[in-house]
Amino acid sequence: ADIIVVAHGQANDPFWSVVKNGAQEAAEQTGANVDFRSPETFDMVQMSQMIDAAVNQEPDGLVVSIPDADALSPSIKRAVEAGIPVISMNSGADVAHELGAKLHVGQSEYDAGVAAGQKLAEMGGTKGICVNQEVGNVSLDQRCEGFAEGFGGPVQVIPTMNDPAEVQAKVRAALDSDEDVDTVLGLGASLVGEPAVAAVEAMGLTGEVLVASFDLSAGFLQDVADGKAAFAIDQQQFLQGYLPVVFLAMNAEYGLIPGGDVPSGPNLVTQDMAAQVIDLSAQGIR
Amino acid sequence: MPADAAMAMDERVKTEPFLARLMKRPELGAIGGVILVTIFFLATADSSMFTLSGIMNFLTPAAQLGILGIAAAMLMIGGEFDLSIGSMVAFAGMIFGVLTVNLGLPLILSIPATFVFAALVGAVNGLIVIRSGLPSFIVTLAGLFILRGASLVGLKLFTGGSTQLRGVREAVEGDMLTPLFSGDAFGFFFTWLADIGLIEKFRSGTPKVPGIPVEILWFVLVALVATYVLLRTARGNWIFAAGGDRNAASNSGVPVDKVKIALFMATACAAALVAIITVIDSGSTDARRGFMKEFEAIITAVIGGCLLTGGYGSAIGAFFGAIIFGMVTIGLTYTSFDQDWFQVFLGGMLLIAVLFNNAIRKRVTGER
Amino acid sequence: MPADAAMAMDERVKTEPFLARLMKRPELGAIGGVILVTIFFLATADSSMFTLSGIMNFLTPAAQLGILGIAAAMLMIGGEFDLSIGSMVAFAGMIFGVLTVNLGLPLILSIPATFVFAALVGAVNGLIVIRSGLPSFIVTLAGLFILRGASLVGLKLFTGGSTQLRGVREAVEGDMLTPLFSGDAFGFFFTWLADIGLIEKFRSGTPKVPGIPVEILWFVLVALVATYVLLRTARGNWIFAAGGDRNAASNSGVPVDKVKIALFMATACAAALVAIITVIDSGSTDARRGFMKEFEAIITAVIGGCLLTGGYGSAIGAFFGAIIFGMVTIGLTYTSFDQDWFQVFLGGMLLIAVLFNNAIRKRVTGER
Amino acid sequence: MTADTTFHHGDPATGVPIVEMRNIEKHFGNVIALAGVSFDIRPGECHCLLGDNGAGKSTFIKTMSGVHKPTKGEILFEGRPMSFASPRDAMEAGIATVFQDLAMIPLMSVTRNFFMGREPKKGKGLFARMDLGAANEICVEEMRKMGINLRGPDQAVGTLSGGERQTVAIARAVYFGAKVLILDEPTSALGVRQTSNVLATIDRVRKQGVGVVFISHNVRHALAVGDRFTVLNRGKTLGTATRGEITPEALQDLMAGGQELAQLEGSLEGTI
Amino acid sequence: MTADTTFHHGDPATGVPIVEMRNIEKHFGNVIALAGVSFDIRPGECHCLLGDNGAGKSTFIKTMSGVHKPTKGEILFEGRPMSFASPRDAMEAGIATVFQDLAMIPLMSVTRNFFMGREPKKGKGLFARMDLGAANEICVEEMRKMGINLRGPDQAVGTLSGGERQTVAIARAVYFGAKVLILDEPTSALGVRQTSNVLATIDRVRKQGVGVVFISHNVRHALAVGDRFTVLNRGKTLGTATRGEITPEALQDLMAGGQELAQLEGSLEGTI
Ligand SMILES: Nc1ncnc2c1ncn2[C@@H]1O[C@H](COP(=O)(O)OP(=O)(O)OP(=O)(O)O)[C@@H](O)[C@H]1O
Ligand SMILES: Nc1ncnc2c1ncn2[C@@H]1O[C@H](COP(=O)(O)OP(=O)(O)OP(=O)(O)O)[C@@H](O)[C@H]1O
Ligand SMILES: [Mg+2]
Ligand SMILES: [Mg+2]
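Protein chains in written order, with my numbering: chain A, 194 to 479; chain B, 359 to 726; chain C, 359 to 726; chain D, 26 to 297; chain E, 26 to 297.
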């Protein structure tokens with residue numbers, strides 16, 4: 194079976210490389226032929242064109258993420274019209290069925306943000322910052338929005354560029370200039386989470402400032418295990434790549450497909466579990 | 359022409375093969391690149407890439423990029439850069455979205471208003487560059503950040519906190535002008551072609567290609583107008599002169615400042631055009647629209663033979679440059695190469711394409 | 359010097375105030391920018407920004423950027439661009455990580471090996487540019503994509519599927535050379551300062567600033583060496599000449615090709631240096647390291663007074679350019695402005711800083 | 026050395042000066058290039074501007090043609106005070122200039138350079154376009170008149186020889202010339218034939234009532250066509266002489282900046 | 026016109042030519058700039074290369090100084106076949122050239138331009154650095170010898186006057202000159218005093234055994250210093266004449282490309 198995956202995150206993004214690994218593992222296990230594609234930046238216009246390109250090849254199944262339903266709906270509808278079974282993953286739970294997708298595998302970014310916010314508030318956080326390395330990327334913006342909602346307390350979004358040294362300096366600056374800030378949420382483990390922990394450590398505030406991060410990286414998990422960070426929010430995105438491919442392969446071969454959506458997260462990895470997942474994370478599975 | 363006749367007799371001139379004469383035009387190298395890339399994909403890509411729908415599919419992004427690229431090429435020929443066009447796409451998209459969705463204006467008002475906004479920003483860019491004498495690179499770089507930031511702030515303001523503004527499609531539905539900026543042209547013709555079996559249909563019976571996406575028509579139109587202006591009008595001469603040597607041009611009576619400001623305004627308007635097309639097409643806009651498009655536009659112009667130092671280049675070259683870039687980016691999704699290798703391929707293909715047309719040009723024109 | 363004495367008597371020369379003479383140097387404008395930005399933040403930012411720890415905090419990213427920026431400035435003075443340095447940071451980081459972690463080499467081997475790799479890539483860039491006569495913009499753009507892609511593929515290969523390679527900190531722990539590339543220098547001195555109460559301590563008793571981050575020392579060192587080479591050596595003269603007018607320089611006997619290739623190699627090595635420092639510092643490397651750094655480096659050089667057309671600029675200017683850029687990006691976090699305005703602010707501050715130093719320079723030197 | 030040439034020299038022009046420059050000063054930063062120079066040009070005369078290298082001749086005519094704004098001093102155009110904002114203004118007022126650096130764009134073709142800023146048009150309104158056919162013909166013809174047979178009007182100026190390039194600039198200025206024609210060392214790179222053409226051209230346009238400002242280091246050329254001679258030295262004027270009032274030897278001495286020509290005088294006199 | 030100047034002209038140089046060029050052709054794309062030119066230069070002689078604008082003089086000396094590779098033909102250097110890969114090679118072999126476009130960088134200072142490619146050093150090994158003090162002094166001094174008083178050695182070349190700039194290029198070539206000195210229209214922008222200095226300099230270096238190739242459009246200058254005269258026309262050589270074999274009038278006719286000087290002859294003869 195030929196299955197094409199079109200995602201909005203880049204192949205070199207640690208999060209999405211795990212999704213891709215999932216899809217590839219599924220390809221190996223089912224014998225399906227999987228192509229994983231994504232635009233070079235968060236670019237909805239180009240993504241819709243890539244879906245169009247996929248539809249032109251008339252694959253046996255199409256997996257898409259839907260961070261912007263308006264922008265992607267014509268392309269997805271065209272796929273459905275062309276008779277290609279579509280499964281959405283990661284984002285777009287709310288619109289997937291409306292657009293004709295068979296089902297959705299994933300977790301709403303917003304909901305995950307809410308869960309993280311609630312947990313951090315529970316752990317004693319009162320004033321937080323949300324460190325966003327790609328402002329304007331709607332799915333990341335939603336994480337911060339959800340966090341603000343769930344956290345309850347005041348939340349400031351700190352936009353940064355794509356550089357660990359800069360992230361570290363900015364987190365330090367934020368903590369330095371406002372001593373009330375006691376919670377840091379990063380939107381990516383290796384790019385934001387690890388430098389944030391380093392910043393807190395350098396300021397001698399370990400234990401006083403809560404650090405949590407979306408997604409996993411081996412380094413950040415080590416920090417969680419060492420107690421320097423509170424937790425990591427895991428979507429188990431491996432499943433977001435793996436399951437849709439398996440489902441579509443089954444569908445192509447036997448016409449089988451599950452009847453409902455699969456929520457892949459959120460799953461908070463805290464100190465007790467962190468140590469176990471480090472190795473898996475280092476292999477790009479978690 | 360008598361002049362030509364006299365030339366032909368000059369013993370100091372070898373007769374020049376037609377091909378050599380052709381290859382002297384800056385754009386023709388880019389055609390060589392297009393041919394090379396086409397051959398590559400014919401050999402490696404899924405056959406659906408070169409079906410009618412496949413071609414439309416890679417021409418659509420090429421068209422959007424190309425409109426920016428041609429504008430960037432003209433500006434580059436005029437000796438300046440505009441790094442703010444990518445952000446301008448987001449900003450103009452935000453303005454246009456707010457005008458149509460939040461204020462509910464019809465397109466006949468919101469589109470001109472968007473262009474006016476864009477032209478104003480372009481004029482400000484130009485004025486700062488001219489007045490301060492600073493390089494346009496640094497001035498428009500500030501524009502890149504400011505407009506990108508302003509789009510974010512504006513979107514949050516008008517949507518009540520989101521970075522995405524939706525509902526444009528509903529707002530413009532039924533508007534007289536919508537078909538000019540969105541959807542496909544000549545639909546009836548393509549339906550007819552499909553009915554008589556000349557083009558493919560989906561299993562559902564609708565033609566695979568419902569028409570020519572309007573952006574492609576805009577792309578061709580912009581390329582034609584730009585080429586006409588550059589090669590056949592006095593203004594075109596002024597653009598080359600202003601970029602070739604600012605002082606010499608000004609000393610010869612070319613109003614360099616006016617030319618440059620007009621170019622900045624045209625570039626901003628090209629960005630606004632792309633913004634309008636993509637916003638209507640996608641029905642939404644967000645703060646990341648047009649991200650990095652300024653660099654892609656410059657790349658397009660350079661592939662098309664423009665010199666970064668100004669004074670040399672062509673719009674048709676940028677046209678083909680955009681097609682090369684579009685073909686390579688979308689084309690790789692038609693091949694079975696692993697996505698991880700995507701960037702390696704993109705870089706490799708770009709390099710080979712420009713090396714190739716450079717080599718051909720040198721060989722044919724006999725340059726050292 | 360007798361020559362100077364003769365000059366001083368020339369009636370065609372007005373005596374020039376010391377300040378005016380100073381401001382003619384390209385770098386001094388950038389100092390004006392630093393002062394302006396400092397004043398702005400003194401007025402608006404939290405006072406912790408200008409404590410010792412606050413200063414170290416914004417100097418660290420400035421230092422990393424600055425090393426690249428100074429290299430980019432030299433290359434730009436020599437008339438070329440290197441768009442691949444950002445990707446080179448990732449690529450060199452990957453090479454270095456694999457050498458230390460996977461192969462377990464000591465730093466004394468892995469560091470020179472990384473530099474050799476980088477220099478080779480730089481030489482290839484340079485050779486292609488020289489041989490083909492294509493603009494370096496387009497050649498190194500291909501390098502940007504290829505190296506970025508190669509880093510991804512390489513990392514996945516060597517980690518068995520992850521885009522992050524970790525364990526570098528463990529691997530280099532205890533290595534003799536580690537303190538040269540990571541951590542803080544002059545720690546004992548700062549501890550002593552803290553003990554006698556000259557610098558602040560944490561509640562835990564350790565000094566707030568444990569030393570000067572080594573990247574800052576590297577930054578200063580690179581700036582000094584680059585300035586010395588540019589202004590005081592024959593090679594520096596060649597760099598200016600090669601960038602000012604390629605043909606004229608070559609006709610006067612400057613080995614332009616060699617100069618340019620050497621510059622490309624130096625730029626790649628600067629990227630490798632940044633890669634080594636950041637990889638040891640953070641203990642890991644990933645496929646996105648150095649993203650967009652090529653543009654920031656060029657911005658830095660341009661703020662520092664380099665001309666994009668080559669032949670003019672200074673390393674000290676890029677030094678201050680990097681500090682301006684670092685202060686502005688980090689500084690906003692210290693203020694109480696809404697962070698959504700970050701990009702607007704960044705763009706605005708950059709523009710004001712360059713306009714300001716431009717205006718000052720014109721006024722002081724009496725240029726039109 | 027023969028100073029009397031066979032050109033006809035009219036009576037000294039007496040009309041109102043077309044351009045009158047009064048006490049022009051020009052400073053570049055701390056460099057004083059002009060320290061108060063007065064000069065005028067009347068219809069139908071050829072006024073030579075002479076002087077040593079670096080005396081300020083080019084700077085002076087650049088202020089006359091709108092490139093530089095004078096730091097101090099007054100410019101009268103046909104009796105009215107005038108301040109040109111740009112070379113284009115000066116051109117529209119009727120001042121055509123051949124600059125010493127020629128003001129040409131190397132990458133553009135000969136024709137496009139020739140008509141740069143003043144393109145011949147055909148068609149109307151939105152469809153007004155450059156008349157390239159006519160432009161090419163005019164350009165080749167004007168160059169031929171000056172003694173240069175172009176290989177083709179679309180050759181890039183950057184690939185022309187030094188003299189060919191200079192001829193393009195002169196032909197252009199003459200073709201568009203109106204009331205004043207300024208020539209800054211126009212014959213420096215020209216061959217024998219082209220030089221005689223240019224001198225003859227100066228003579229011809231002067232007879233048509235155009236005022237010509239002619240800068241040269243060649244005493245013979247200056248004496249061949251000049252009616253009045255103003256000598257600059259180190260940014261100041263050493264005075265103006267009328268044709269016949271001054272001997273060639275005195276003029277040559279003045280041009281050398283008043284400094285003795287040292288021991289060379291003997292060996293080279295009459296050959297420069 | 027006086028052809029006999031007071032320079033001392035030695036016996037015709039008879040040694041082995043330093044550089045001999047045989048049947049040089051040079052094509053640019055479809056343009057044939059040189060169609061077979063032969064030429065040689067011997068120690069201690071001044072060989073003038075003359076010809077109309079566009080005849081190919083600059084192209085020819087550029088092949089001699091390593092800028093262009095000839096399309097066809099042979100170059101012998103001191104009797105051995107030689108092919109210069111770059112101007113630097115030619116320079117190292119001992120050929121110093123003043124190009125018609127001067128080969129200067131406008132944004133760089135006079136001193137830095139003067140020593141470009143051949144900087145004076147002080148210090149050793151890693152600490153070898155440019156000796157800026159000495160460089161400035163030499164530069165100012167050499168310029169003064171040529172008759173130009175620089176305002177300051179750190180002035181940018183782009184702000185110098187045309188003649189000042191040309192003088193820098195000449196002073197540089199003379200200062201570094203070794204076996205052959207090539208001067209492409211070196212006096213075109215020079216004042217009276219500077220010109221006589223340059224001609225005297227040519228005479229001086231020739232006496233030191235250097236071979237000088239001198240391109241000029243000025244018959245007087247050529248006759249003043251030249252020992253042999255080669256005339257190019259439309260990419261071909263019209264032949265070489267030795268001093269005394271040819272009358273100035275015949276030479277002038279040859280330089281104009283053999284075409285008659287038309288009706289102008291009468292009016293301008295002797296003034297060019
Ligand atoms: N932009 C400038 N900045 C500084 N100095 C300048 C500038 N332009 C000209 N000068 C100086 O002004 C003086 C006069 O220059 P100008 O070009 O007018 O001389 P000129 O009389 O035309 O000489 P030439 O006969 O050599 O062309 C020169 O010494 C030159 O160095
Ligand atoms: N790069 C080039 N491409 C095409 N044609 C060229 C090129 N360089 C020179 N030519 C042509 O070759 C011919 C000879 O040029 P060259 O510069 O050698 O003439 P010249 O004898 O030095 O003339 P002048 O006395 O005017 O300086 C000219 O007609 C010119 O147009
Ligand atoms: Mg002058
Ligand atoms: Mg020449």
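Cβ atoms here follow ideal geometry from the backbone N, Cα and C, with glycine treated the same way.
Predicted model only: the values in this text are computed from it and were never measured.
Distance, E:Gly69 Cα to E:Val305 Cα
A question about residue 305 of chain E goes unanswered here, because the residues of chain E that appear run from 26 up to 297.
Please find out if some non-hydrogen atom of ligand 2 comes closer than 7 angstroms to the beta-carbon of C:Leu324.
Residue 324 of chain C falls outside the range modelled here, since chain C spans only 359 to 726, and no answer is possible.
Does DSSP put D:Ser241 in a helix, a strand or coil?
coil
Beta-carbon contacts of D:Glu45 that lie in its chain and below 7 angstroms, excluding the five residues immediately before and after:
Asp65 and Leu101
Segment contact, 8 angstroms Cβ cut-off, at least three pairs: the segment 475-486 of chain B with the segment 611-622 of chain B:
yes
Name, going along the chain, the residues of the segment 333-360 of chain A whose beta-carbon falls closer than 8 angstroms to a beta-carbon of chain B.
Asp334 and Glu338
With DSSP run on the structure shown, which of helix, strand or coil describes B:Asn483?
helix
Where in the segment 425-456 of chain C do unbroken runs of the alpha helix (DSSP H), each at least 4 residues long, occur, reported from the N-terminal end onward?
443-455
Name the chain E residues that come within less than 8 angstroms of B:Val371, Cβ to Cβ?
Asn55, Val56 and Ile57
Less than 7 angstroms between the CB of E:Lys82 and some heavy atom of ligand 2, yes or no?
yes
Quick one: residues in its chain with C-beta nearer than 7 angstroms to the C-beta of C:Phe449, no 5 flanking neighbours on either side, listed in chain order?
Leu505, Ala508 and Ser509
Nearest CA to the CA of E:Phe152: which residue from C:Met452, C:Ala599 and C:Arg590?
C:Arg590
Which of the three DSSP states is assigned to D:Ser186 in this structure?
coil
Check A:Gln222 in the structure and name its three-state DSSP category.
helix
Could you tell me the alpha carbon to alpha carbon distance between E:Gln125 and A:Pro232, rounded to whole angstroms?
53 angstroms
Hey, out of D:Phe201, D:Arg190, D:Gly150 and D:Glu189, whose CA is closest to D:Ile163's CA?
D:Phe201
CA-CA distance, D:Lys147 and D:Ser108?
33 angstroms
Quick one: what's A:Gln349 bridged to in DSSP?
A:Ile322
Under 8 angstroms, Cβ to Cβ, is there at least one residue of chain B near A:Asn444?
no
Within-8 angstroms CB hit, B:Met650 to chain A:
yes
Using DSSP with H/G/I as helix, E/B as strand and the rest coil, what is A:Asp334?
helix
Stretch pair the segment 202-220 of chain D + the segment 229-246 of chain D: three plus CB contacts closer than 8 angstroms:
yes
Tell me which residues of the segment 469-503 of chain C have at least one Cβ-Cβ distance to chain B shorter than 8 angstroms, keeping chain order.
Ile486, Ser490, Gly491, Leu492, Pro493, Phe495, Ile496, Val497, Leu499, Ala500, Gly501, Leu502 and Phe503
When every heavy atom of ligand 4 is checked, does at least one fall within less than 7 angstroms of the C-beta of E:Ser241?
no
Start-to-end residues for the alpha helix (DSSP H) that takes in A:Gln361:
Pro357 to Ser370
According to the Cβ coordinates, are D:Val256 and D:Gly91 closer than 8 angstroms?
no
Excluding sequence positions up to five away, which residues of its chain have a Cβ less than 7 angstroms from the Cβ of E:Gly188?
Ala214, Leu215, Gly216 and Gln219
Taking only the alpha-carbon atoms, compute the straight-line gap between E:Met280 and E:Pro42 and give it to the nearest angstrom.
24 angstroms
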